[in-house]
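Chains A and B are the protein sequences, given in the same order.
When you number the first sequence by our numbering, it's gap-free, plus one each residue, and the end is 167.
When you number the second sequence by our numbering, it's gap-free, plus one each residue, and the end is 175.
From the three backbone atoms N, C-alpha and C, an ideal C-beta is built for every residue, glycine too.
Just below is one structure, and these are the notes that go with it.
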Amino acid sequence: MSEALTSAPLPRERERVAEGRVRARAYSDPYLAGTALGLVLLASFALAGRGLGASGAFTTLAAKVTSSPDLHQSNWLLLEIAGVVIGGFASALLAKRLRFTAVKASRATIAFGGGAVMGLGTVLARGCTSGLALTGGALLSVGSWLFMIAAFAGAYALAPLLRRAWR
Amino acid sequence: MIALAIGIAFGFCLERAGLGDSRKLAGQFYFTDFTVLKVMFSAIVTAALGAFWLARLGVLDLAGVYVPETYLLPQLAGGLLFGAGFVAAGLCPGTSCVAAASGHGDGLMVVLGMFVGVVVTGLAFAPLRHFYDSTARGPLTFPQLLHVPYGAVVFAVVALALATFAAAERWERCA
Chain A
1 MSEALTSAPL PRERERVAEG RVRARAYSDP YLAGTALGLV LLASFALAGR
51 GLGASGAFTT LAAKVTSSPD LHQSNWLLLE IAGVVIGGFA SALLAKRLRF
101 TAVKASRATI AFGGGAVMGL GTVLARGCTS GLALTGGALL SVGSWLFMIA
151 AFAGAYALAP LLRRAWR
Chain B
1 MIALAIGIAF GFCLERAGLG DSRKLAGQFY FTDFTVLKVM FSAIVTAALG
51 AFWLARLGVL DLAGVYVPET YLLPQLAGGL LFGAGFVAAG LCPGTSCVAA
101 ASGHGDGLMV VLGMFVGVVV TGLAFAPLRH FYDSTARGPL TFPQLLHVPY
151 GAVVFAVVAL ALATFAAAER WERCA
């Protein structure tokens, strides 16, 4: 499968980069989007008495399917993640970014595997980038900052080995 | 209803920032795109400052906001694993939902992988339980740990964010 990646003809590679640049320009300024995201998080603190989340919706669904008593359950998060799907879809639709892209088998496999390892990580850590890093980061939680630093360290440590997969 | 509304706004912001695109997120770990860092830190600074000032003005009761609990070793190990999965997936749990919702096929694969990973961990939980509950510190925050005022830690986070933004901008100009 690495053969398919390395033998990709150069023009196609260039085209892909060019397309990436055009699409990247259409996205919002990251500081503006980040500030808006922070206001959403703040609204969640004020209106719901809690922050955002994502992995908790996965554990809730998994607990319902397998009736495992050890996985964290939150119907609030299940409803919130339904909103994330709607909001993400609506934003892409309005920005004309909605396009259904096929994935290569190699990319699909790595994406699936990465997702599974993240799943294990979120259960152990009791949260993810949303519930721990963003929420706890803003609330100055020690465990949240520890998780955030560990996550970046883990990602940077493995990144060189996956460079070919992202080319 | 509040949960759904907040979720919609959350998903909207993530997609606007370009965080439904795995290639863009992966760029963070190859020093080609610092969007992840900029968005995360902007959000943390905004919410931390907002929470501090709303509490100071008496609008928000911080004691009524749930603070994620600290479990030192599980969060260290979980974080390392999470990061490894993150760079492979190019998406985190929240952004994978946005990616899938905006038509990216790999987003759907990450969602499925996440679900399988969580299910398997839940079924094989017994040997993990002892470690999972170890080094518990409760809802510990830096102001409590360091015995410094809340505002001082918020200030430090803001300073750290600004320094990080400056470094990222400089790197992007040089690259």
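The three-state reading of DSSP puts A/S130 in helix, counting H, G and I together. Neighbours of A/A46 in chain B, taken as residues whose beta carbon is under 8 Å from its own, are L54, V59 and L60 in chain order. For B/A168, same chain residues with a beta-carbon under 7 Å away, outside a window of 5 residues either side, are F34, L37 and K38 in chain order. Taking all protein chains shown into account, B/K24 has 16 or more neighbouring C-beta atoms within 10 Å of its C-beta and is therefore buried. Exclusion of the five residues before and after B/Q144 leaves no residue of its chain whose Cβ lies closer than 8 Å to its Cβ. Beta-bridge annotation (DSSP): B/A175 is not paired with any residue. Counting along the chain, the unbroken alpha helix (DSSP H) around A/A157 starts and ends at V142 to L158.
With its beta carbon at least 8 Å from every one in chain A, B/T164 lies outside the interface. With respect to chain B, the C-beta atom of A/S106 has no partner C-beta closer than 8 Å. It is roughly 8 Å from the alpha-carbon of B/I2 to the alpha-carbon of A/L47. In terms of Cα proximity to B/T70, the closest of A/A157, A/S44, A/P160 and A/A133 is A/A133. Beyond the five residues adjoining it in sequence on each side, B/L123 comes within less than 7 Å, by CB distance, of no other residue in the same chain.
Taking a beta-carbon distance threshold of 8 Å, A/R163 counts as an interface residue toward chain B. For A/R99, the three-state secondary structure derived from DSSP is coil. Taking CB atoms only, B/S134 has no neighbour in chain A less than 8 Å away.
A distance of 8 Å or more separates the beta carbons of A/V103 and B/D21. Residues T35 and V39 of the same chain have their beta carbon placed closer than 8 Å to that of B/A17, with the five preceding and five following residues left out of the count. Taking 8 Å as the cut-off, the Cβ atoms of A/V84 and B/V98 count as close. Residue state for B/H130 is assigned as helix, using DSSP reduced to three classes.
Boundaries of the beta strand (DSSP E) harbouring B/G138: A136 to G138, taken from the DSSP string. In this structure, the alpha-carbon of B/T164 lies about 23 Å from that of B/L146. Your pair A/A159 and B/F41 does not check out as a contact, with CB atoms roughly 19 Å apart and the cut at 8 Å.
Chain-ordered listing is empty here: chain A has no CB closer than 7 Å to the CB of B/F155, the nearest sitting near 11 Å.
For B/C13, at least one C-beta of chain A is nearer than 8 Å to its own C-beta. The beta carbon of A/A54 lies closer than 8 Å to those of L77, I81, V84, C128, T129, S130 and G131 in the same chain, with the five residues before and after it left out. Bridge partners of B/Y71 according to DSSP: B/A136. Each residue's CA atom was taken as its position, placing B/V158 and B/L81 some 28 Å apart.
Residue pairing by DSSP places A/T109 in no beta bridge whatsoever.
Against chain A, the CB of B/A167 has no partner CB under 8 Å away; the residue lies outside that interface.
For B/D106, the uninterrupted alpha helix (DSSP H) run begins and ends at G105 to L123, by DSSP.
Partner residues in the beta bridge of B/T141, as assigned by DSSP, are A/S141.
DSSP places A/G114 in the helix class (H, G or I) of the three-state scheme. Straight across, the Cα-Cα distance linking B/S102 with B/V118 is about 23 Å.
Shown here for A/S68: same chain residues with a beta carbon closer than 8 Å to its own, the five before and five after excluded, namely A62 in chain order.
Residue environment: B/C174 is assigned as exposed (fewer than 16 neighbouring CB atoms within 10 Å of its CB, all protein chains considered).
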